[in-house]
Amino acid sequence: MGSKILKDIEEKWNKKWYEEHAFETEHDERKKYFLNFPYPYMNGYLHLGHLYTLMKLEIMARYKKMRDYNVLFPFSFHCTGTPIIAAAERIKEGEEKEWNIMRMMGIPDEEIKKFSDPVYWTQYFPKEAKKDLMSLGCSIDFRHSFITTNLNPRYSKFVKWQFRKLKELGYVTKGEHPVVWCPNCKSPVGDHARLKGEGVRPEKMFLIKFNVEGRVLPCATYRPETTFGVTNIWINPNVEYAIAKVDGEEWIVSKSSVEKLKDQKHKVDVIGRILGSELINKKCSNKLRSDVPILPAEFVDPEVGTGVVMSVPAHAPYDYIALKDLGVDIKPISLIKVDGFGEFPAIEIVERMKINNQKDSEKLEQATKEIYKKEFHTGVLKDITGKYKEMKVSEAKELIANDFRNEDLLVDFWELPEEVICRCLTRTHVKIVDDQWFLKYSDPNWKKRAHEALARMSLYPEVVRKQFDYVIDWLNDWACTREFGLGTPLPWDKKWIIESLSDSTIYMSMYTIWHILKNVPEELIDDDLFDYVFLGKGDKKKLVERGIDERTLDKMRNEFDYWYPFDLRNSGKDLIQNHLAFCLFNHVAIFPEDKWPRAFGLNGHIMVNGEKMSKSKGNFKTIRDMVKEFGVSPLRLSIALSGEGIDDANFDTELTKSLTMRIENLLRFLTSKHETSSEWKVQDEWFEAKIDNTVADVESAMESMMFKTAASKCFFDLQNDLKFYSKWRGTPNDRVLRKYIDVQTKLLYPFIPHVSSEVMEKLSLDGNWPSAKRVEVPKYKKYVETVMNDLKSVKKLAKGEHAKIFVAEDWKFDVIGKDFAEAKSIIEKHVEKSMIGKMLKMYKNGSDLAKSEQMKVLKDSKDFIEKETGLSVEILDADEGDDEKARASTPKKPGILLW
RNA sequence: GCGGGGGUGGCCGAGCCUGGUCAAAGGUGCAAGGUUGAGGGCCUUGUCGCUUAGUGCGUUCGAGGGUUCAAAUCCCUUCCCCCGCACCA
121 MGSKILKDIE EKWNKKWYEE HAFETEHDER KKYFLNFPYP YMNGYLHLGH LYTLMKLEIM
181 ARYKKMRDYN VLFPFSFHCT GTPIIAAAER IKEGEEKEWN IMRMMGIPDE EIKKFSDPVY
241 WTQYFPKEAK KDLMSLGCSI DFRHSFITTN LNPRYSKFVK WQFRKLKELG YVTKGEHPVV
301 WCPNCKSPVG DHARLKGEGV RPEKMFLIKF NVEGRVLPCA TYRPETTFGV TNIWINPNVE
361 YAIAKVDGEE WIVSKSSVEK LKDQKHKVDV IGRILGSELI NKKCSNKLRS DVPILPAEFV
421 DPEVGTGVVM SVPAHAPYDY IALKDLGVDI KPISLIKVDG FGEFPAIEIV ERMKINNQKD
481 SEKLEQATKE IYKKEFHTGV LKDITGKYKE MKVSEAKELI ANDFRNEDLL VDFWELPEEV
541 ICRCLTRTHV KIVDDQWFLK YSDPNWKKRA HEALARMSLY PEVVRKQFDY VIDWLNDWAC
601 TREFGLGTPL PWDKKWIIES LSDSTIYMSM YTIWHILKNV PEELIDDDLF DYVFLGKGDK
661 KKLVERGIDE RTLDKMRNEF DYWYPFDLRN SGKDLIQNHL AFCLFNHVAI FPEDKWPRAF
721 GLNGHIMVNG EKMSKSKGNF KTIRDMVKEF GVSPLRLSIA LSGEGIDDAN FDTELTKSLT
781 MRIENLLRFL TSKHETSSEW KVQDEWFEAK IDNTVADVES AMESMMFKTA ASKCFFDLQN
841 DLKFYSKWRG TPNDRVLRKY IDVQTKLLYP FIPHVSSEVM EKLSLDGNWP SAKRVEVPKY
901 KKYVETVMND LKSVKKLAKG EHAKIFVAED WKFDVIGKDF AEAKSIIEKH VEKSMIGKML
961 KMYKNGSDLA KSEQMKVLKD SKDFIEKETG LSVEILDADE GDDEKARAST PKKPGILLW
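Residue numbers (the numbering used here): 121 to 1019.
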């Protein structure tokens, strides 16, 4: 839909801008402003979420341009990582769900087939995204666009350069890392490749060893400290267990845990099997507990942990209730003191929640969670724990685990808290990948520098700073390589692909030179070139000798030096704890301080009519659909009005629709001829001040990225002011009207540049931001409104066609500003005793306008008042009138007589 | 649990830092009137309650308490909601 008038204008200007290369720029004498967007992932069309974040930058770019900055706004497309490759795979397999996603995007089946090749995604979607961006008239210099992955060797070389640098600095190290692993596919299983268990992560457990007849029973637990309170061991009597040589010892474990142990760096050989029932009633022991009976329990799941569980009835509701069901008389052993509970918290909660038996698993889960939480965070260990007594559970846990590990009592074990099923229908488990590469974000020195960088940055909004500092401290080593996915191979260990957040941390520097680099022969691009261009290091002569044109080299170096660092990077708030934090870390590692980022902008998520946008709700909106539905200008303006700051924004479709007409009307007003007057009245004084203030308000809002405030002030408020002014003034003053048109057009330019450009062209306005002047707005409007309201309410209650308005007597104005006693004595001279109280109130209220101003305002507004109220009006000085209503006048409000 | 952000009139949302000009901007919704062939749009008015030939009163900004001449705004307590807690874009 949208509007034809606006559409024509939008198309006209889009065409003009891109044909004339209006947004292509290189360094010059002006101050520069370089802003960028975290490149969007190219597994679909750009959508409302992108648009919201994007508009922050687009508005800023347009604004800075008006303020005579040299503005660089590049845009690229992200293709590394697993989602594209996984989706391509699913298309290839003909998976219904994936095909439907593509169909919903409006892609015909013939075309969808082509998406079984991941490379096709990297060609198709960037191209389409660019179309969308251009339809919106974004002021992007597309000469700086690239796609990521090794399909783009120049980019890949850059990433390799970056990683070699990081390695030299000692920031890339090798280590272990748990992953969700499919034993059938023999690969890690990301969320996208799961039938069940999306979002489930490996959790660290512990195996506590007990000995039975020369064999080890490893009990899986999250709480090693509870070993002190073990009363028995649970074994499922109906399950066949494996006897296996594990790292030289004979262990009894469930069969499924054999594979887990193998994948978690243990040497495991199965040498026999044993029924659970054969173990029942035997006794086992370890250093801490002896003569511990093995008891049967059907709740023990052989798929979880090792299928061997230790029982701590004092603190584990399951264990207590199982013992109770079994009817065995075993005394629980208490080891944790916790507020609000007595000696045996598990027993208390079971009774309190009225849990009758093991089958009440829902309540048992809940009880277990509550007890665990409470004991972990507020519990204190009792004397029975020996040297750990009086310690908090939360502090002692790791310490105990370490000690137990050293005493050969405990072995680490990773487990999935819920079942995760691979797409191939296989149940997965945790594997320890042991030659994984990490970025050492845990390095204290590195963290310190990241904090320093943050401290000198601007953040929009400022409230995210605390969170950022917290994130920098919280970040741990990041597994930066993958075995699977699109991306750049790790230069020194080619079996690994660099993970897709790790290859995207300093690429904004590439923007500054991409338009040049893309024409440099690929074979000439190497680390030396990047060292020279980005760091000014190395020998330029050698590079030139090798065949790179010297001018090209200088140009790249100059462009980078001019544009970098970036002045603003804006993103959704979800990138704080990963991408943006990484960006900071990597910048401080590689670049000198004067190239560290200047500002981050963060925005919330955007909702549609108060609901989260989602494909399943059917309110998923792509940019192209929205452009079609609402038109470019209403869409742009509505997005700007939808929100600011870190809170979630709301895109209101009703508002957007109503904007179409409002923009059209405004356009018509701005470009039509108006009858004007050269006379200067109070109305003109008021409106001019109002315009000046609006410019000042909007400007300060723009500077701090408060675009909703800015848009609402310059679109709604300023037009409302004009509306009132027109009614009030009748024929507008020539100069003031021209000023309004000029300001209105320009302030709206960042939001609806097509419309503004059209007006500017028609009226030959310059394209500069108006100068802001903060002035005091005279209170004329408020005064007139007061008088009008009074007239109207009086008219409602009394009949009459004529009104006399009495501006208060001189002495009433005299009272204002005097001290209390003096005021009182003046009043006493003029009124009866009974009225003194009332008059003193008037003294307290004061007045915004002097008497002469009031007279002038009323005289200049006479036509307006008569028209609005339908009364014929006389304006009088109360000093010259003798009506009782003249006496009722105050400096705040004149007296009114209707007749 | 830790960290961050919030709770304002039918809804969205400004105000809170720097207390008074706040019954609280603006938008949207709703209602009435005008314009219009109808609808839409646009324009006007109303939209906490009471009262009234006007400038008045009461109750309201999650809840409770406090500071103050004065609190949506400051302090304390409490309840509730949202987001993040990673190896993933």
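From the three backbone atoms N, C-alpha and C, an ideal C-beta is built for every residue, glycine too.
Segment limits, beta strand (DSSP E) that includes W354: 352–355
One or two residues paired with D532 in a DSSP bridge: F326
Nearest candidate by alpha-carbon position, reference K457, set K483, I491, V424: I491
Enclosing alpha helix (DSSP H) for L649 [first to last residue]: 647–655
Whole-Å CB distance - T1010 paired with K932, under 8 Å assumed: 6 Å
Straight-line gap, F524 to H571 (C-alpha atoms, nearest Å): 37 Å
Three-state secondary structure (DSSP) of L501: strand
Cβ shell of I394 (< 7 Å), same chain only, five flanking positions each side left out: Y361, I363, I372
Collapsed DSSP secondary structure at M121 in the structure displayed: Confidence at M121 is low in this model, with a pLDDT of 47, below 50, so its placement is unreliable and no value can be given for it.
CA-to-CA distance, M676 to I636, given in whole angstroms: 7 Å
Y590 classed as buried or exposed, judged by whether at least 16 other C-beta atoms fall within 10 angstroms: exposed
Residues near L192 by beta carbon distance below 8 Å, same chain, minus five either side: T145, K152, Y153, F154, L155, D261, H264, Y631, T632, W683
Touch test, the segment 425–441 against the segment 334–353, Cβ-Cβ under 8 Å, three pairs minimum: yes
C-alpha gap between H725 and D854, whole angstroms: 45 Å
Three or more C-beta pairs below 8 Å linking the segment 282–296 and the segment 207–216: no
Residues near R187 by beta carbon distance below 7 Å, same chain, minus five either side: W889
Residue range of the unbroken beta strand (DSSP E) whose run includes E296: 292–302
S629 versus F419 - alpha carbon distance: 58 Å
Cut-off 6 Å between Cβ atoms - residues of its own chain near K375, not counting five sequence neighbours on either side: A362
Beta-carbon separation (whole angstroms), R182 vs Y869, contact threshold 8 Å: 6 Å
Range covered by the beta strand (DSSP E) that runs through L192: 190–192
Residue range of the alpha helix (DSSP H) that includes D449: Neither: D449 is in no alpha helix (DSSP H) and is coded neither H nor E.
Of the listed residues Q839, W534, R543, nearest to F807 (C-alpha basis): Q839
Beta bridge counterpart(s) of R393 as assigned by DSSP: A362
Residues that N723 bridges to, as DSSP identifies them: G692
Beta carbon of G317 nearer than 7 Å to that of T202: no
Buried or exposed (CB count within 10 angstroms, at least 16 for buried), A207: buried
Closer than 6 Å: K567 CB and nearest the ligand FMN heavy atom: Judged by which ligands are present, the structure shown has none, so any question about the ligand FMN falls away.
C-alpha distance - M121 paired with G1015, whole-angstrom precision: Model confidence at M121 stands at a pLDDT of 47, short of 50, so the residue's coordinates are unreliable and nothing is read from them.
Cβ contact (3+ pairs, closer than 8 Å) linking the segment 734–751 and the segment 155–168: yes
Helix, strand or coil at Y580 according to DSSP, with G and I counted as helix: strand
Cβ contact check for the segment 727–736 and the segment 544–554: 3 or more pairs under 8 Å: no
Which of helix, strand or coil DSSP assigns to N739: coil
Sheet register partners of S609 (DSSP bridge): Checking the sequence, you will find Pro at residue 609 rather than Ser. DSSP output for P609 lists I617 as bridge partner(s).
Cβ-based neighbour list, V388, same chain, cut-off 6 Å, excluding 5 preceding and 5 following: A364, V366, V378, L381, K382
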